[in-house]
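Following the numbering used here, the numbering of the sequence shown begins with 120 at its first residue and continues without gaps.
Some notes on the structure that comes next.
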Amino acid sequence: MANRDNLIEVGVAQIDITPDYPIRLNGYGSRRTESEGIIQRIYAKALAIGSDDDGPVVMITVENCGLPDELTEEVSERVKNKTGIPRENFVACYTHTHSAPCLTNSASFIFSADISPEEQEKIDRYTRHLTNWMEAITLEALTKREPCRLAWNIGELSFAKNRRTEGGPVDHSLPVMQITDAEGTLRAVWVSYACHCTTLAGADNHICGDWAGFAQEDIQKAHPNVTALITIGCGADANPESRMRPMPEGKQEVFETRLAYAKEHGKALAEEVKHQLERDTKSISDVPKGVFERVNLPFDKLPTRDEWEARAAQGGAIGYHAKKHLEMLENGQAIKTDISYPIQAWTFGDALAVVFLASEVVVDFSLRLKKEFDNTRLWVGAYANAFPGYIPSERVLAEGGYEGGGAMIYFGQPTRFAPGVEQLVIDTVHQVLPAEFLVKSNN
Ligand SMILES: [Zn+2]
């Protein structure tokens, strides 16, 4: 519990995670070679909240396309062994930038081709380094804790556009948490926005944080000695609106235009954060309490061997995916029938509940949760803890398309989810969030 001055111990730490060697980048299957350089350095950052007596929580955010479940579990286990912090009080998020290194077992079918042993060795090495770095910044953030004040509010930002349907649903909310020290100096800002980090659109093969990286840079430039942490909401079906703008002729011209747009979106986010920091905020006086659950999300009916063989004959991405599954059958390996999906929540007393959904979650989930729970006290995050693929709502699953099931092959999942996936996720959110956050019925 906080003392009567509402002071809560908070520590932040960050580390540069930019590889100093060429490496395959995750996010676009069309990239066939290792990275060609660095546009912007990328970071992992940690935020530790609460004293040892409180039972602290730690959130990490990593500039990467997607953290595999096993990697997050490994870091959490190491942190637990060294500090006693339990799994429910540790969360790892990622910005989903499509211009950061591949990690071992992260959307490993993205290229629809085997990666060479030399390239794979670098990916494995980077993954080992990242695991160590994530552990190190967690311990550093815990060491750096000092009395702070926490406050939050919700801004609005409009560059996310539904990428499936013109004028389709989006979540333009921009929850902002600010952490100031006992003297009132801003120390850290945590912001979340529901949009793909794909402004660059694979127009190049360089390392970059995309709009989230530029937003963090701009916030930190405007507030020296502040650490800006960005996490991503339910933006699986949202792209930056600049993706829909016309492009000039020429590869270099397209790259320069997209880079300018990434900076523009980052600046817009940083400006809205500035605006929010100047507004009245809602203060937080409790250290969060974490809850962590897993729910099994079943796949639809698996293809038969004949169907796998027919697909393998097609070649291309579908053929590669089928060939890999036939190899598994040949080797006597079982094909997965479901995934274990992690769902986590942190509740700051009765002031705020933050939900961390895993992977690429479509906007329908956050819009539904904001109807079922008090949306003035709810912060819905996604792209946390694991990266098994897109998590479609029932609407998107029925509509099909990329987020409805088409993208599953790039994640190495055997097929789309079975109907009912939305309710399984929503029911589990109801298990991890206290009933006091439910919308009160008016009758
Ligand atoms: Zn994505």
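Don't be surprised by glycine CBs; every beta carbon is placed ideally from N, CA and C.
Computed from a predicted structure; not experimentally measured.
- Here THR304 is exposed: its Cβ has fewer than 16 other Cβ atoms, across all protein chains shown, within 10 Å.
- In the three-state reduction of the DSSP assignment, ASP405 falls in the coil class, being assigned neither a helical nor a strand state.
- Taken atom to atom, the span from the alpha-carbon of ARG206 to that of ALA379 is near 40 Å.
- Shortest gap from the CB of ALA355 to any heavy atom of ligand 1: under 7 Å.
- GLU182 has its CB no nearer than 7 Å to any heavy atom of ligand 1.
- Using a C-beta cut-off of 8 Å, the stretch 492-499 makes no contact with the stretch 520-535, since fewer than three inter-stretch Cβ pairs fall below that distance.
- The Cβ atoms of ILE179 and CYS267 lie no closer than 8 Å to each other.
- Rounded to whole angstroms, the gap between the alpha carbons of ARG364 and GLY185 is 27 Å.
- Distances between the C-beta of HIS549 and the heavy atoms of ligand 1 are all 7 Å or more.
- Excluding five sequence positions before and after LEU471, the CB atoms of its chain that fall closer than 7 Å to its own CB belong to TRP271, ILE403, ARG496 and TRP498, given in chain order.
- THR257 and PHE475 have their C-alpha atoms some 18 Å from each other.
- Counting the other Cβ atoms within 10 Å of the Cβ of GLN542 gives fewer than 16, which makes it exposed.
- Secondary structure at GLN463: strand, using DSSP grouped into helix, strand and coil.
- Counting C-beta pairs with one atom in each stretch, the stretch 203-223 and the stretch 242-260 have three or more that are closer than 8 Å, which means they touch.
- Listed as beta-bridge partners of LEU166 by DSSP are VAL131 and MET178.
- Separation of GLY435 and ARG424 (C-alpha to C-alpha, rounded to the nearest whole angstrom) is 18 Å.
- ILE510 is a Cβ neighbour of SER478, given a cutoff of 8 Å.
- Between ALA501 and GLY352, the beta carbon gap of about 6 Å places them in contact (Cβ cut-off 8 Å).
- Excluding its 5 nearest sequence neighbours in each direction, LYS280 has C-beta neighbours in its own chain below 7 Å: VAL289, ALA357, ASN358, GLU360 and MET363, listed in chain order.
- Within 10 angstroms of the beta-carbon of TYR140 lie fewer than 16 other beta-carbons, which makes it exposed.
- When DSSP states are grouped into helix, strand and coil, PHE374 belongs to the helix group.
- Under the rule that a run must span 3 or more residues, the beta strand (DSSP E) segments found entirely inside the stretch 273-301 read 279-281 and 292-300.
- With respect to the 8 Å criterion, ASP546 and ARG514 are not classified as neighbours on the basis of their beta carbons.
- Residue range 329-341 is occupied by the alpha helix (DSSP H) that includes ILE338.
- Measuring C-alpha to C-alpha distances from ALA313 to each of LYS340, ILE338, PRO343 and SER277 identifies SER277 as the nearest.
- The beta carbons of SER485 and ASN415 sit no closer together than 8 Å.
- For ASP329, the closest C-alpha among the options ARG282, LYS263, GLU254 and ALA381 is that of ALA381.
- When the beta-carbon positions are compared, PRO533 and ILE437 stay at least 8 Å from each other.
- Between the stretch 237-246 and the stretch 318-328 there are fewer than three inter-stretch CB-CB distances shorter than 8 Å, so the stretches are not counted as touching.
- With distances taken between CA atoms, PHE530 lies nearest to GLY508 out of LYS489, LYS401, GLY508 and PRO187.
- The nearest non-hydrogen atom of ligand 1 is 7 Å or more from the C-beta of GLU368.
- Three or more beta-carbon pairs drawn from the stretch 129-143 and the stretch 156-175 are found closer than 8 Å, and the two stretches are therefore classed as touching.
- Contact between MET253 and VAL194 holds, since their C-beta atoms are separated by about 5 Å, short of 8 Å.
- Looking from the CA of GLN463, the closest CA among VAL177, ARG143 and GLU391 belongs to VAL177.
- Within the stretch 521-554, the alpha helix (DSSP H) runs of at least 4 residues that lie entirely inside it are, in chain order, 540-551.
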